[in-house]
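Colleague: Quick note, our numbering runs 68 ahead of the 1-based positions in the sequence shown.
Just so you know, even glycine gets a beta-carbon here, dropped at the ideal spot from N, CA and C.
Since this is a predicted model, take the numbers as computed values, not measurements.
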Amino acid sequence: MVAVSTAVILGAGEIGGALARQLAAADLVSRIVIVDDLANVAAGKALDVAQSSPVDGYHTVMSGSGDVSAVVGANVIVVADSAASPPIEWKDEAGLALVRRVAGLNQLAPILCAGASQASVIQKGVNEGGVARARLFGSAPEAFRSAITAIVALEAGAAPQDVSLSVLGRPPQNVIVPWDETAIAGRCATHVLSAAQLARLDARLARLWPPGPYALAGAATRLIRTALTRSPRVHAALVAVTRDEGVAGRSAMMPVTLQPAGIATLVPPSLSTRDRVRFETALRA
């Protein structure tokens with residue numbers, strides 16, 4: 069656990085509630101604040117998580133609020149979904165306005181978008197709002213990667229933990245999994261799976277998007293863990309694209325390493341000529 073550390077979750081919807089529980093159980097931060105316009109819902113979900121702490125053995129202090137200024141001094145800020153009925157991710161212009169506000173209130177903490185519909189928030193927040201792209205990024209691609217890993221393992225008759233792969237591009241239609249650098253039990257995927265199997269997997273990728281709220285919460289928790297513990301682990305993240313990489317104003321899934329302040333490095337994948345063309349096309353699509 070990071071000493072006297074605070075995570076603020078913006079939104080007490082399905083993603084926000086699941087994230088609060090998973091993040092608390094991970095004992096990564098000393099305090100979690102759930103913020104929502106429906107302050108009573110945020111407080112209720114915080115209380116629910118807090119009441120589980122004696123059973124599950126974590127020590128995270130939980131609270132709920134309706135005041136966005138709770139982000140002041142936080143170590144990590146997560147943009148999730150509101151507690152409206154039905155829950156709605158913070159996205160589009162409302163999401164952008166929220167990100168601009170919290171980025172002004174807290175100029176140091178990373179802002180992690182946990183939803184699957186927040187690409188425009190990341191794109192515009194960086195390119196129009198002036199937020200550094202190392203601070204503002206999304207974790208949904210990590211949940212997507214987990215789903216892809218599961219179907220690859222099933223196709224190969226392997227355990228998911230024995231599959232290592234990257235995912236790039238712009239979901240759901242422009243998704244690239246570099247099979248040449250994918251490993252299954254230490255062997256290249258192209259040596260384990262036939263061309264027909266790989267084609268079948270490629271055809272299924274778009275249908276795996278978007279991930280569900282619990283998968284999204286789990287992915288956000290994993291990225292936060294890696295960032296706060298300074299682990300060298302590589303994750304799939306949604307990042308803003310610069311003019312040198314593609315069309316400025318877009319976002320794409322890319323492998324990254326993390327640090328407490330946000331993205332540490334973008335990890336350039338080793339791509340075949342075909343995959344590189346597909347990736348560059350996706351960045352400019």
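Verify whether the separation of the beta carbon atoms of residue 208 and residue 177 is less than 9 Å.
Modeller: no
Colleague: Closest to residue 278 by CA distance: which of 186, 146, 120 and 97 is it?
Modeller: 186
Colleague: Tell me, please, which residues DSSP counts as bridged to residue 258.
Modeller: As computed with DSSP, residue 258 is found in no beta bridge at all.
Colleague: Does the separation of the CB atoms of residue 136 and residue 179 fall below 9 Å?
Modeller: Cβ atoms of residue 136 and residue 179: not closer than 9 Å.
Colleague: To which residues does DSSP link residue 90 through a beta bridge?
Modeller: Paired residue(s): none; residue 90 is not in a bridge.
Colleague: Please tell me whether residue 101 and residue 131 are closer than 9 Å, where the distance is taken between their beta carbons.
Modeller: yes
Colleague: Does the beta-carbon distance from residue 110 to residue 73 come in below 9 Å?
Modeller: no
Colleague: Evaluate residue 259 with the Cβ neighbour count: other Cβ atoms within 10 Å of its Cβ, from every protein chain shown; 16 or more gives buried, anything less gives exposed.
Modeller: exposed
Colleague: Using 9 Å as the threshold, is the C-beta distance between residue 78 and residue 288 below it?
Modeller: no
Colleague: Output the distance between the C-alpha atoms of residue 307 and residue 165, rounded to the nearest integer angstrom.
Modeller: 18 Å
Colleague: Pick from 352, 324 and 153: whose alpha carbon is nearest that of residue 334?
Modeller: 324
Colleague: DSSP puts residue 205 in a beta bridge; with which residues?
Modeller: Residue pairing by DSSP places residue 205 opposite 180 in a beta bridge.
Colleague: With distances taken from CA atoms, which of 250, 274, 228 and 243 is nearest residue 350?
Modeller: 243
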